[in-house]
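A.B. asks: Numbering (my numbering), first residue to last: 11 to 335.
Glycine included, each C-beta is placed from N, C-alpha and C at the ideal position.
In this text, all values refer to a predicted model and were calculated from it rather than measured experimentally.
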Amino acid sequence: MTVASGVGSHPGDDQHAYDEALRIVLDLLGGDLPYLPEVPGRGAVADLTGRSLALLDSLGADLQPAGWRLTGSGGGVDHRRAVSLLAQDLDALEERTQDFTGSFKVQVAGPWTLAAMVERPRGDRVLADHGARRELAQSLAAGLTTHLADLRRRVPGASLVLQVDEPLLPAVLGGGVPTASGFSRHRSVDAPAAAALLEEVFSAAPADDVVVHCCAPEVPFVLLARAGDPGLSVDLAVLTPGEYDALAAAAERGRRVHLGVVPGLRPSPEPTASSVAQRAERFCDLAGIDPASLVLTPACGLAGADPAWARTALAVVRDGARALG
11 MTVASGVGSH PGDDQHAYDE ALRIVLDLLG GDLPYLPEVP GRGAVADLTG
61 RSLALLDSLG ADLQPAGWRL TGSGGGVDHR RAVSLLAQDL DALEERTQDF
111 TGSFKVQVAG PWTLAAMVER PRGDRVLADH GARRELAQSL AAGLTTHLAD
161 LRRRVPGASL VLQVDEPLLP AVLGGGVPTA SGFSRHRSVD APAAAALLEE
211 VFSAAPADDV VVHCCAPEVP FVLLARAGDP GLSVDLAVLT PGEYDALAAA
261 AERGRRVHLG VVPGLRPSPE PTASSVAQRA ERFCDLAGID PASLVLTPAC
311 GLAGADPAWA RTALAVVRDG ARALG
């Protein structure tokens, strides 16, 4: 059966926006694949990087003018704020899901995107240091174990789906991540090294299912298949027809394909459930994929939308999934 979900981010800049996003997700997607919303407009402590750093085990971080920097075992005040805000968001989730049963998704930045975004204690990206990036991945894996166990306690009826966000993975593999100076690029990471850290995080996380989300072009499908073979989450608009075969192969192996079929920002004309279903059906016909393998989602960028469109986009993908099914 085709179901609907979302990538994770929502518009807004305060706690009310988070509460409203959580209500909308549970109301619209309660019978599909609801998720823990992210409202990055609340600040760096609430965006993908800050939220993921809040999960680290035995590593701290601090927010600098250039962004997040690791600090060793003791985090700074912003790191503590990130930890506190995540706990507050989970309290709200627990309160609203007392009788919830079904699949539920949570999101985290992957080890390579974190390594490309976060600096070492002495500066420059973690990506530049083999030992530092492995330590970061191990800390993330251990923190995810604790985080998912906490979620199982809070929402005991949930079957947990872990979405690992790796928007910078293609740049990491292609040597496209700039150094701190901006005048050069970090060396490319070879596929075996990239797969090893990904698999370490996937295997350590006690989720019922794992899916990797990458909204950038040139998703490394072959590498991901070798690194634990997770489900795949991509935006249809950036796919090339030549990449359809990789998604079809994943579906044949029993992996779910999360497909971004509705723009993150309000388009004109606005899509309807019927047009979304037709677009997804054409994709399935071209790729040779059973529609039951699909999870329909909005594309990336919902955090920059107006709140009304965020709700509409989720409603449209939900109704489109029903029509496709």
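Note down the Cα distance separating residue 305 from residue 262, rounded to an integer number of angstroms.
C.D. replies: Approximately 15 Å between the Cα atoms of the pair.
A.B. asks: Per DSSP, which residues does residue 195 bridge with? Please list them.
C.D. replies: BP columns for residue 195 point to 188.
A.B. asks: Do you know whose CA, among 287, 307, 249 and 73, lies nearest residue 274's CA?
C.D. replies: Of the candidates 287, 307, 249 and 73, the one whose C-alpha sits nearest the C-alpha of residue 274 is 307.
A.B. asks: Report, in whole angstroms, the separation of the C-beta atoms of residue 59 and residue 17, which I expect to be a contact under 8 Å.
C.D. replies: Contact doesn't hold; Cβ gap of about 16 Å is too wide.
A.B. asks: Just the C-alpha distance for residue 228 and residue 107, rounded to the nearest angstrom, thanks.
C.D. replies: Residue 228 and residue 107: Cα-Cα distance of roughly 37 Å.
A.B. asks: Only counting the same chain, and skipping five residues up and downstream in sequence, which positions put a Cβ closer than 7 Å to that of residue 218?
C.D. replies: Here the set comprises 169, 170 and 171.
A.B. asks: Using DSSP with H/G/I as helix, E/B as strand and the rest coil, what is residue 48?
C.D. replies: Strand at residue 48.
A.B. asks: So residue 51 and residue 88 are supposed to be a Cβ contact under 8 Å. How far apart are they, rounded?
C.D. replies: In fact, because the Cβ distance is near 16 Å, the residues do not count as touching under 8 Å.
A.B. asks: Pop quiz: residue 137 and residue 147 are said to be a contact at Cβ under 8 Å. What is the actual Cβ separation, rounded to whole angstroms?
C.D. replies: Wrong, their Cβ atoms sit about 12 Å apart, outside the cutoff.
A.B. asks: Could you check if residue 9 is buried or exposed, using at least 16 other CB atoms within 10 Å of its CB as the buried criterion?
C.D. replies: The chain is shown only over 11 to 335; residue 9 falls outside these bounds and no answer can be derived.
A.B. asks: Which runs of the alpha helix (DSSP H) spanning at least 4 residues fall entirely within the segment 66 to 132, listed in chain order?
C.D. replies: Runs found: 87 to 106 and 121 to 127.
A.B. asks: Which whole-angstrom value describes the C-beta separation of residue 204 and residue 174, a residue pair presumed to lie in contact below a C-beta threshold of 8 Å?
C.D. replies: In fact, because the Cβ distance is near 13 Å, the residues do not count as touching under 8 Å.
A.B. asks: Quick one: using the 10 Å Cβ neighbour count with 16 as the cut-off for buried, is residue 223 buried or exposed?
C.D. replies: Residue 223 is buried by the Cβ-count criterion.
A.B. asks: Confirm, please, whether the CB-CB distance from residue 221 to residue 212 is below 8 Å.
C.D. replies: The answer is no: Cβ separation not under 8 Å.
A.B. asks: On the CB-based measure, 16 or more other CB atoms within 10 Å of its CB, does residue 296 come out buried or exposed?
C.D. replies: Under this definition residue 296 is an exposed residue.
A.B. asks: Please classify residue 245 as buried or exposed, where buried requires at least 16 other C-beta atoms within 10 Å of its C-beta.
C.D. replies: So residue 245 ends up on the buried side.
A.B. asks: Mind checking whether residue 190 and residue 141 have CB atoms under 8 Å apart?
C.D. replies: Contact: no.
A.B. asks: Could you say which of 184, 192, 257 and 193 lies nearest to residue 199 if we only look at CA atoms?
C.D. replies: That would be 184, whose Cα lies nearest to the Cα of residue 199.
A.B. asks: Classify residue 237 as helix, strand or coil using the three-state DSSP reduction.
C.D. replies: Coil.
A.B. asks: So residue 308 is in the beta strand (DSSP E); what residue range does that whole segment cover?
C.D. replies: Unbroken beta strand (DSSP E) run through residue 308: 304 to 308.
A.B. asks: Grab the span of the beta strand (DSSP E) containing residue 168 for me, first residue to last.
C.D. replies: Here the beta strand (DSSP E) through residue 168 covers 168 to 175.
A.B. asks: Output the distance between the C-alpha atoms of residue 333 and residue 34, rounded to the nearest integer angstrom.
C.D. replies: Their Cα atoms are separated by approximately 21 Å.
A.B. asks: Can you give the Cα-Cα distance for residue 287 and residue 310, rounded to whole angstroms?
C.D. replies: Cα to Cα, residue 287 sits roughly 19 Å from residue 310.
A.B. asks: May I ask which residues mark the beginning and end of the alpha helix (DSSP H) holding residue 330?
C.D. replies: Segment 317 to 334, the alpha helix (DSSP H) holding residue 330.
A.B. asks: Reducing DSSP to helix, strand and coil, say where residue 134 ends up.
C.D. replies: The answer is coil: DSSP assigns residue 134 none of H, G, I, E or B.
A.B. asks: Report the rounded CA-to-CA distance for residue 36 versus residue 160, giving the unit in angstroms.
C.D. replies: So the alpha carbons of these two residues sit roughly 19 Å apart.
A.B. asks: Let me confirm a value: residue 280 is counted as buried when at least 16 other C-beta atoms fall within 10 Å, else exposed. Which label applies?
C.D. replies: When all chains shown are included, residue 280 counts as exposed.
A.B. asks: If you reduce the DSSP assignment to three classes, tell me which class residue 278 lands in.
C.D. replies: Coil.
A.B. asks: Sort 276, 303 and 272 by Cα distance to residue 289 and report the nearest one.
C.D. replies: Answer by Cα proximity: 272.
A.B. asks: Check whether the Cβ atoms of residue 158 and residue 216 sit closer than 8 Å, and answer yes or no.
C.D. replies: Yes, the pair counts as a contact, with Cβ atoms nearer than the cut-off.
A.B. asks: Just how far apart, CA to CA, sit residue 196 and residue 188?
C.D. replies: Their backbone Cα atoms lie some 6 Å apart in a straight line.
A.B. asks: By a C-beta neighbour count over all protein chains shown, 10 Å radius and 16 as the cutoff for buried, is residue 30 buried or exposed?
C.D. replies: That one is buried.
A.B. asks: Go to residue 338, then tell me how far its beta strand (DSSP E) extends in each direction, as first and last residue.
C.D. replies: This structure gives no information on residue 338, because the portion of the chain shown stretches from 11 to 335.
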